[in-house]
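Residue numbers (the working numbering), protein chains in the order written: chain A, 638 to 925; chain B, 311 to 608; chain C, 972 to 1409.
So the structure is just underneath, and the comments pick up after that.
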Amino acid sequence: MDENASARLMRRALTVAHRVGLFLAMLLICMPGIWIVLSSLRPTVEIMAKPPVWIPQQLSFDAYVAMFSGIGKGGIPVLDYFRNSLIISVTSTVIAVAIGMAGGYAFARYRFRGKSGMFLGLMLTRTVPGIAMSLPLFFVYARLGIIDTHFGMILAYVALNIPFTIWLIDGFFRQVPKDLAEAAQIDGCTRWQAFWQVEFPLARPGIASAGIFAFLTCWNEFALASQLTRSVNSKTLPVGLLDYTAEFTIDWRGMCALAVVMIIPALTLTYIVQKHLVGGLTSGAVKG
Amino acid sequence: MKGFKPSAPILLLLPAFVVLAAVVLVPLLLSLYSSFTPFRLTRPETFFVLIGFRNYVSILSNLDFWYAFGRTVLLLTVALNLEMLLGLGLAMLVEKATRGQRILRTLMMFPMMFSPILVGFQFKFMFNDNIGLVNNALQSLGITQDAIPWLIESHLAFIAISIAEIWSSTSIFAILILAGLLAMPKEPIEAARVDGCTPWQTFRYVTWPFVMPFAYIAMTIRSLDVARAYDIVKIMTDGGPAGRTELLWTLIGRTAYSDARMGLANAMAYFSILLSIAFTVYFYNKLAAARAQIGAEW
Amino acid sequence: MTRLVLGISAGLAGLLLSGTAFSADLPGKFPGVTIDAKLIGGQQYEKLYERIPEWEKLTGAKVNILSKKNHFDLDKEIKSDIASNSITWCVGSNHTSFAPQYPGIYTDLAKLLPKEEIDAFVPANVAAGTLDGKLVMLPRAQFDVSALYYQKSLYQDEAKKKAYKDKYGEELAPPDTFDEMAQQAEFFASPPDFYGTQYAGKEEAINGRFYEMVIADGGEYLDKDGKPAFNSEAGVKALDWFVNLYKAKAVPAGTTNYLWDDLGQGFASGTVAINLDWPGWAGFFNDPKSSKIAGNVGVKVQPKGSSGKRSGWSGAHGFSVTENCANKEAAASLVWWLTNEDSQKLEAAAGPLPTRTKVWEWDLEQAKSDPYKTEVLQAFQEAAKNAFPVPQTPEWIEISNAVYPELQAAILGDKTSKQALDEAAAKATQILQDAGKL
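Structure (structure tokens):
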């Protein structure tokens, strides 16, 4: 009886500790973000105040109003940037995931010569830092005439994302027991059908996370974009952040406002897509 | 489709190879070539002058370069390890939560929505010694009376940069490890519990081996992408003051564009690539070992 | 300096030879021409760009803006273009500190525009835009030289006045020398809540300030043969000024990581007593929406160095026309348009200093009813008399990048001033040798 009670107490304590831990962790994660949101709503005098103003005195949407109010009135071509970012990120994510699925499947399901080396080689293409890559790539792009185009950016981002989409998806296909697909093939499915009907749904969490990664990488990438984009034709949101820096000054409030505009769609998308992280995990099948 | 028929895996991998060759390989060869020239951006004719290994000799004999190299290795080691530990902790906290999974998972990934340059600006402001959030908070709470020079003093600057880097990248570990935890079959844990294992033993001998490959995947992916930290450091300190936070990438960035000495910068870049390769291969081998341990086929 | 003089005279010679264009012809007619341009980006510049459609209407030409970035990013972009042989555009924003790096890509505007138009600019500004006898850029109304901003109330506070007199035996008044400035900065400082002064501590910013002080202390940055000479006695004295302020905690602890923005925000937050800064901030500091010390700002000409000289490291923004441009006359007309009297009035009205003599007069006239603006303009007009640009060598930025970490090392106490300067001079000499200049 006593043992039961202490065990229950122990479990309660653990639950509380877990809640507190979780809360603190989330607070740490979110605080800089909350600070950005607050900064976007407060006048500069208050953000930069000393002694600090902890409780916001004046909140306003001025920075957002200004952002959308057109060039010359404090605005930036945010809609153009947004459109560019969206087109470039979505297209390159879709392509990278498609190529990654093909590649990941090849690595997970086939045996062939030089596989290990080839895999590593693919990964290593990603080790080139953006800052070292930007100029040579610029040379090539300048020759091809695809500087400042959506196509050029999409191509670069697909290349940027292929290595780890292949990697991730490979890892998740590995988790899917081979027998399942074989069983399906015995039941009369073609390999293609077996893939789509059996293996794909099970590897979906992996594909979803690869997609999220790829999308967020594109959405936030700066080093290449700052070199390969130039005008509203292809400039993306991260490069647009610098519109709030003039020669030596930063409009921190404006930058925060644009940051919020950037973060909200990414957050929404993540919120929607993350359910697929578990969606594919019908526990029964994994147990098999 | 008769006649020559390439094998299925090659066909499946072909698109990846084509894209990577075009976007990575060609520029890479170009920069390899230019690392043997005195190429200056403002004097394009220098692109065609070969000077052998002189760039390499000059960086290898430069003490500042080696300091930057060492500092980069240190930052990577510290940041990657802490990120993995924190990511693991975070993933387990979130996995244990009974309610609000969707929100928690989204929040967990929150820092990933921040562009690295934004992270740089944000932490630069937060660590500002005079009007920064951190010092203001410490002073208001009465913890210190001084303006702590976060971005100036070598150790503090290293810590500040590490914090920014860790804040922005722990999510990647957390989400991958969480995916691993969720993909994990439940019986072994139940079996362990029935056998009377303590929670620690269950974690150590059942959960961890299963999750380890995911942790190493995350580790490898991060070590591939570490140069991302460049954007953060560039904004926060740009290697300064007095070179105290100089990393390979900030050195490369300044040499390449501001000094316009692209040939020299590319020689440095090749070194930094070697570094990334070393990290990647190391974790990759760990990953293979971890996989072998849980009996995954390789 | 000889190079400079040579440059001016050669520029003038160029002017005399070109007699084809007349002011009356400007802006001219260029139907069907398209001018590709790379402009400096930033909210404060948009007003000027609104005048572009007007020019398009008058001339029948079109302007296609390829990019708008700050000069650091623009510099990167232009260098990439030079390197890949893709300078296909016509008009570029330029800056006196960056201009010497791009030898040859920009054409001589003196040959494209009538002499009387160029004479209408302040001669020193035209000289700063002239490289090797070519007028490579026409300055806009964005001329930068520093003057001293201070919080007036500090100098009116009786208790402070008395304490200062007791301590130093002098009257407390806005400083006229760098030594006084340092002394007062230490007097006012009470870290971590209040600082005497501050300086931008990295990149070209600290190097430029140091350059300015070396001159004010009677030294040279580069000697007449172009050799680094800043590790002289005057150099050590100049650097010690920064070092001692840091040691005395009269400047914020983070000052070596500050750039202009941090200085501006810091002074506006009311936590700094004296601030040597650019004219662009004058409006910001006195605007209650952005500044806590609005109404309390005084402005004075920059202090004297130990040699009794005042010196003003200066920079100017401007526009250039490329050699590759297919229709240079049209491009020059656009550059003229963006820097003509109306454009400069438009820009100067918002705060920056003009570069045309007439607009200066107009500006002072306009400010008559506004005592603060008059004080600002008078201080800066005085400061501008001591102004000079950076050494016009293509290696300036590279030298800056090599020198500033050494200056920081001295400020932070890693090295003595002499050590740091010797090492910096060695590095700078190496750079000039590598470039074949020595």
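C-beta: ideal position from N, C-alpha, C; glycine also.
* Just how far apart, CA to CA, sit lysine 815 of chain A and phenylalanine 593 of chain B? -> As a working mapping, residue 815 of chain A is identified with position 178 in the first sequence. As a working mapping, residue 593 of chain B is identified with position 283 in the second sequence. Taking the straight line joining both Cα atoms gives about 26 Å.
* Asked: For the candidate residues B:Ala318, B:Gly563 and B:Ala537, whose alpha-carbon lies nearest to that of arginine 750 of chain A?
  -> Taking the first sequence and counting its residues from 1, the one referred to as residue 750 of chain A is at position 113. The candidate whose alpha carbon is nearest that of arginine 750 of chain A is B:Ala318.
* **Proximity test, Cβ basis, 7 Å: serine 871 of chain A and chain B** => Locating residue 871 of chain A in the first sequence gives position 234, counting from the first residue. No, its Cβ sits nowhere closer than 7 Å to a Cβ of chain B.
* If you run the structure through DSSP and keep just helix, strand and coil, what is leucine 1409 of chain C? -> The residue labelled residue 1409 of chain C in the question sits at position 438 within the third sequence. DSSP places leucine 1409 of chain C in coil when its eight states are reduced to three.
* Inter-residue spacing [alpha-carbon to alpha-carbon] between serine 341 of chain B and threonine 886 of chain A -> As a position in the second sequence, residue 341 of chain B is number 31, starting the count at 1. As a position in the first sequence, residue 886 of chain A is number 249, starting the count at 1. Rounded to the nearest angstrom, the two C-alpha atoms are 34 Å apart.
* Would a check of beta-carbon distances place glycine 1013 of chain C closer than 7 Å to chain A? -> Position 42 of the third sequence holds residue 1013 of chain C. At a cut-off of 7 Å, the C-beta of glycine 1013 of chain C has a neighbouring C-beta in chain A.
* Rounded Cβ spacing between lysine 544 of chain B and glycine 573 of chain B (contact assumed at less than 8 Å) -> Taking the first residue of the second sequence as 1, we reach residue 544 of chain B at position 234. Taking the first residue of the second sequence as 1, we reach residue 573 of chain B at position 263. Lysine 544 of chain B to glycine 573 of chain B, Cβ: 21 Å. No contact.
* **For phenylalanine 424 of chain B and phenylalanine 660 of chain A, the rounded distance between their alpha carbons** => For the purposes of this step, residue 660 of chain A is taken as the residue at position 23 of the first sequence. For the purposes of this step, residue 424 of chain B is taken as the residue at position 114 of the second sequence. Roughly 21 Å between the two C-alpha positions.
* Are the C-beta atoms of threonine 1067 of chain C and some chain A residue less than 7 Å apart? -> Counting from one through the third sequence, the residue named residue 1067 of chain C turns up at place 96. Closer than 7 Å: no.
* Beta-ladder partner(s) of serine 1038 of chain C, from DSSP -> The residue labelled residue 1038 of chain C in the question sits at position 67 within the third sequence. DSSP lists C:Lys1009 as partners of serine 1038 of chain C.
* Asked: Among A:Leu853, A:Phe801, A:Ala733 and A:Ala883, which one has its Cα closest to the Cα of methionine 524 of chain B?
  -> As a working mapping, residue 524 of chain B is identified with position 214 in the second sequence. The sequence shown places phenylalanine at residue 524 of chain B, not methionine. Out of A:Leu853, A:Phe801, A:Ala733 and A:Ala883, A:Phe801 has the C-alpha closest to the C-alpha of phenylalanine 524 of chain B.
* Three-state secondary structure assigned by DSSP to lysine 1260 of chain C -> Locating residue 1260 of chain C in the third sequence gives position 289, where the first residue counts as 1. Lysine 1260 of chain C falls in the coil class under three-state DSSP.
* **Extent of the continuous alpha helix (DSSP H) run through tyrosine 1120 of chain C** => Reading the third sequence from its first residue, position 149 is the one you call residue 1120 of chain C. No alpha helix (DSSP H) contains tyrosine 1120 of chain C, which is instead part of the beta strand (DSSP E) from 1118-1122.
* Asked: Beta-carbon separation of isoleucine 482 of chain B and alanine 528 of chain B under 7 Å?
  -> Stepping through the second sequence from its first residue, residue 482 of chain B is reached at position 172. Stepping through the second sequence from its first residue, residue 528 of chain B is reached at position 218. Cβ atoms of isoleucine 482 of chain B and alanine 528 of chain B: closer than 7 Å.
* **Alpha-carbon to alpha-carbon, glutamine 411 of chain B and glutamate 405 of chain B** => By 1-based counting over the second sequence, the position of residue 405 of chain B is 95. By 1-based counting over the second sequence, the position of residue 411 of chain B is 101. Glutamate 405 of chain B and glutamine 411 of chain B: Cα-Cα distance of roughly 8 Å.
* Taking the alpha-carbon positions, what's the arginine 540 of chain B to phenylalanine 1213 of chain C distance? -> To locate residue 540 of chain B, count along the second sequence from 1; it is residue 230. To locate residue 1213 of chain C, count along the third sequence from 1; it is residue 242. Inspection of the sequence shows that residue 540 of chain B is occupied by tyrosine rather than by arginine. Their Cα atoms are separated by approximately 29 Å.
* My guess is that isoleucine 1058 of chain C and leucine 1305 of chain C are in contact by the Cβ rule of under 8 Å, so how many angstroms apart are they, rounded? -> Within the third sequence, residue 1058 of chain C is the residue found at index 87, counting from 1. Within the third sequence, residue 1305 of chain C is the residue found at index 334, counting from 1. Contact doesn't hold; Cβ gap of about 17 Å is too wide.
* Checking contacts by CB at 7 Å: is leucine 443 of chain B closer than that to chain C? -> Position 133 of the second sequence, counting from 1, holds the residue named residue 443 of chain B. By this cut-off, leucine 443 of chain B is not an interface position.
* Tell me whether the beta-carbon of alanine 332 of chain B lies closer than 7 Å to the beta-carbon of isoleucine 799 of chain A. => As a position in the second sequence, residue 332 of chain B is number 22, starting the count at 1. As a position in the first sequence, residue 799 of chain A is number 162, starting the count at 1. No, these two residues do not count as a Cβ contact at 7 Å.
* To do: Compute the beta-carbon to beta-carbon distance between alanine 1354 of chain C and glycine 1266 of chain C, rounded to the nearest angstrom, for a pair I have assumed lies under 8 Å.
  => Residue mapping note: residue 1354 of chain C aligns to position 383 of the third sequence, counting from 1. Residue mapping note: residue 1266 of chain C aligns to position 295 of the third sequence, counting from 1. Not quite, the Cβ-Cβ distance comes to about 22 Å (not below 8 Å), so this is no contact.
* With a CB to CB cut of under 8 Å and the five nearest residues on each side skipped, what residues in its chain are close to methionine 578 of chain B? -> The count along the second sequence starts at 1 and reaches residue 578 of chain B at position 268. If you ignore the 5 residues before and after methionine 578 of chain B, its C-beta comes within less than 8 Å of the C-beta of Ile369, Phe375, Leu558, Leu561, Ile562 and Thr565, all in its own chain and listed in chain order.
* Kindly indicate which three-state DSSP category tyrosine 1073 of chain C falls into: helix, strand or coil? => Here residue 1073 of chain C corresponds to residue number 102 of the third sequence, with the count starting at 1. Looking at tyrosine 1073 of chain C - three-state DSSP - the assignment turns out to be coil, as it is neither helix nor strand.
* Near aspartate 456 of chain B, what residues of its chain come up, given a Cβ to Cβ distance below 6 Å and the 5 sequence neighbours on each side ignored? -> On the second sequence, residue 456 of chain B is found 146 positions in, with the first residue counted as 1. No residues qualify anywhere along the chain.
* To do: Provide the residue span of the beta strand (DSSP E) that contains valine 429 of chain B, from first to last.
  => Within the second sequence, numbered from 1, the residue matching residue 429 of chain B stands at position 119. Unbroken run through valine 429 of chain B is the alpha helix (DSSP H), 426-436; no beta strand (DSSP E).
* To do: Compute the Euclidean distance between the alpha carbons of arginine 656 of chain A and methionine 647 of chain A, then round it to the nearest angstrom.
  => By 1-based counting over the first sequence, the position of residue 656 of chain A is 19. By 1-based counting over the first sequence, the position of residue 647 of chain A is 10. Distance between the alpha carbons of arginine 656 of chain A and methionine 647 of chain A: 14 Å.
* Asked: Is it right to say alanine 984 of chain C is buried, meaning 16 or more other beta carbons lie within 10 angstroms of its own, or is it exposed?
  -> In the third sequence, residue 984 of chain C corresponds to position 13, counting from 1. Here alanine 984 of chain C scores only 46 on pLDDT, less than 50, and its place in the model should not be relied on; the value that follows carries that caveat. By the neighbour-count rule (16 or more Cβ atoms within 10 Å), alanine 984 of chain C is not buried but exposed.
* Apply the 10 Å Cβ neighbour rule to glycine 916 of chain A and answer buried if 16 or more other Cβ atoms are within range, or exposed otherwise. => Along the first sequence, read from residue 1 onward, the residue named residue 916 of chain A stands at position 279. Any reading at glycine 916 of chain A is ruled out, since the residue's pLDDT is 45, under 50, leaving its predicted position unreliable.
* Asked: Can we say the segment 377-397 of chain B touches the segment 830-843 of chain A, given the rule of at least three CB pairs closer than 8 Å?
  -> Counting C-beta pairs closer than 8 Å gives fewer than three between the segment 377-397 of chain B and the segment 830-843 of chain A, which falls short of the contact rule.
* Among residues of its own chain, excluding the 5 on either side of tyrosine 1217 of chain C, which ones have a beta-carbon nearer than 6 Å to its beta-carbon? -> On the third sequence, position 246 is the one that residue 1217 of chain C refers to. Around tyrosine 1217 of chain C: Ile1382.
* **Neighbouring residues, chain B, relative to cysteine 667 of chain A (Cβ below 7 Å)** => Mapped onto the first sequence, residue 667 of chain A falls at position 30. Neighbours of cysteine 667 of chain A on chain B, chain order: Leu417 and Phe420.
* To do: Measure the CB-CB distance between threonine 555 of chain B and alanine 467 of chain B and report whether it falls below 7 Å.
  => Here residue 555 of chain B refers to the residue found at position 245 when the second sequence is read from its first residue. Here residue 467 of chain B refers to the residue found at position 157 when the second sequence is read from its first residue. Yes.
* Expected contact under 8 Å - CB spacing of glycine 1167 of chain C and valine 1222 of chain C to nearest Å -> Position 196 of the third sequence, counted from the first residue, corresponds to residue 1167 of chain C. Position 251 of the third sequence, counted from the first residue, corresponds to residue 1222 of chain C. Glycine 1167 of chain C to valine 1222 of chain C, Cβ: 7 Å. Contact.
* To do: Please name the residue, chosen from B:Leu395, B:Met419, B:Val334 and B:Asn372, that lies closest to isoleucine 900 of chain A on a Cα-to-Cα basis.
  => In the first sequence, the residue the question calls residue 900 of chain A occupies position 263. It is B:Met419.
* **7 Å Cβ cutoff met for threonine 1067 of chain C and proline 1360 of chain C** => The residue you call residue 1067 of chain C lines up with position 96 of the third sequence. The residue you call residue 1360 of chain C lines up with position 389 of the third sequence. It is a contact, given that the beta carbons lie within the stated cut-off.
* Proximal residues of chain C, C-beta to C-beta of alanine 779 of chain A below 7 Å -> Position 142 of the first sequence, counting from 1, holds the residue named residue 779 of chain A. Residues of chain C passing the Cβ test: Ser1055 and Ser1057.
* **Closer than 7 Å to chain A by CB, aspartate 1232 of chain C** => Translated into positions along the third sequence, residue 1232 of chain C becomes position 261. True, the Cβ-Cβ gap to chain A drops below 7 Å.
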